[in-house]
Amino acid sequence: MTKWMQGHFFNANNILVLLLMFAINGCSTRSKPAPVVDVQGSLPLSQRLKNSVSGSEYIVKKGETLYSIAWRADVDVRTLASINNIKAPYNIYPQQKLFLTKTSSKPSVSTTKTKSYKSTKQKVITKPIAQKKKQEYGGNVVERKTSNNAQQPNTAFSQKIRTWQWPAKGKVIRKFSSAKQGNKGIDIAGRRGDSVKATADGKVVYAGGALQGYGQLVIVKHNEDYLSAYAHNDRILVKEQQVVKAGQVIAKMGDTDAERVMLHFEVRFRGKSVNPMKYLPK
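Residue 281, in numbering that gives the first Met the number 0, is where the sequence shown stops; the numbers in between run on with no holes.
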């Protein structure tokens with residue numbers, strides 16, 4: 000081998016060694032493991048866990064509404080309001096303590112004694128408040144029996160949603176899952192600035208970024224049973240208590256609190272997550 004070839008062979012080996020050293024150093028400088036996300040770019044599991052509210056009590060933070068807290072706790076807002084003796088329109092304030100379960104709100108000793116005394120004197124007959132006429136999917140019609148003292152439901156919303164519209168154009172990149180830590184809605188891919196539309200007529204009950212993991216979020220109340228949510232928006236175009244129509248543009252698609260630009264869309268029936276694909280047109 001000539002000296003020229005030996006010199007170039009030596010240089011090539013040096014370059015190879017240097018490249019390997021850079022690669023090893025690059026791997027060793029990572030202090031934390033990369034977050035585990037699926038191939039579609041959804042949030043890491045650790046981030047999704049932060050969305051939920053658990054326990055028996057909760058302290059209200061600035062920017063939250065009773066609807067947003069009920070959403071995170073997976074309960075019907077009426078149930079949460081009833082536990083805490085909050086009347087419509089469900090106004091709350093920062094640092095307010097809320098009970099999330101009935102057992103966490105215990106009556107006083109005097110109240111317990113009074114109830115015990117009354118129970119020995121009279122029989123109390125309870126009747127169901129609501130009876131379902133149809134299955135959950137397909138826009139239930141609910142027959143309600145109310146006493147004179149009970150608050151009448153908001154008649155501004157029809158109890159039946161006749162049509163549902165797609166909230167955005169794009170490919171569904173992640174489907175609904177009923178698993179405990181599964182996706183509670185669907186993820187729709189798109190480009191930044193794409194229109195996000197209300198899926199049905201309703202009223203905006205939350206608009207903001209206080210729910211960690213959802214980014215800029217809009218929640219719409221459609222009637223006494225159904226809510227829909229639109230997460231990871233770049234911009235919100237509506238305000239709380241604003242009445243919106245089906246197909247109305249309420250936000251612009253983005254990637255706030257997400258790994259990619261997309262719309263995360265959810266539907267809740269009486270506080271529980273349901274598969275949006277059961278409602279949206281084929």
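Virtual Cβ for every residue (Gly too), placed ideally from N, Cα, C. Values in this document were obtained by computation on a predicted structure and should not be read as measured data.
- The alpha helix (DSSP H) runs of length 4 or more contained entirely in the region 65-110 are, from start to end of the chain, 65-72 and 76-82.
- The straight-line gap separating the alpha-carbon atoms of Gly189 and Tyr229 is approximately 14 Å.
- For the pair Asn182 and Lys170, the CB atoms are not nearer than the 9 Å cut-off.
- A residue is called buried once 16 or more other Cβ atoms fall within 10 Å of its Cβ, and Ser177, having fewer, is exposed.
- Look at the beta carbons and you see the region 205-218 touching the region 229-241: at least three pairs across the two are nearer than 8 Å.
- Contact between the region 241-255 and the region 48-66 is absent, with fewer than three C-beta pairs closer than 8 Å.
- Around the Cβ of Pro166, a 10 Å sphere holds 16 or more other Cβ atoms; the residue is buried.
- Excluding the 5 residues flanking it on each side, Trp163 has same chain C-beta neighbours closer than 6 Å at Thr198, Ala199, Tyr278 and Leu279, in chain order.
- Looking only at Gln95, Arg267, Val195 and Asp224, the smallest Cα-Cα distance to Lys60 is reached by Gln95.
- Around the beta-carbon of Gly192, fewer than 16 other beta-carbon atoms lie within 10 Å, marking it exposed.
- The residue from Met261, Arg267, Arg234 and Pro88 with its alpha-carbon nearest to that of Lys251 is Arg234.
- Considering only Gly62, Lys196, Phe264 and Ala69, the residue with the shortest C-alpha distance to Ser55 is Ala69.
- Annotated three-state conformation of Lys277 is helix, per DSSP.
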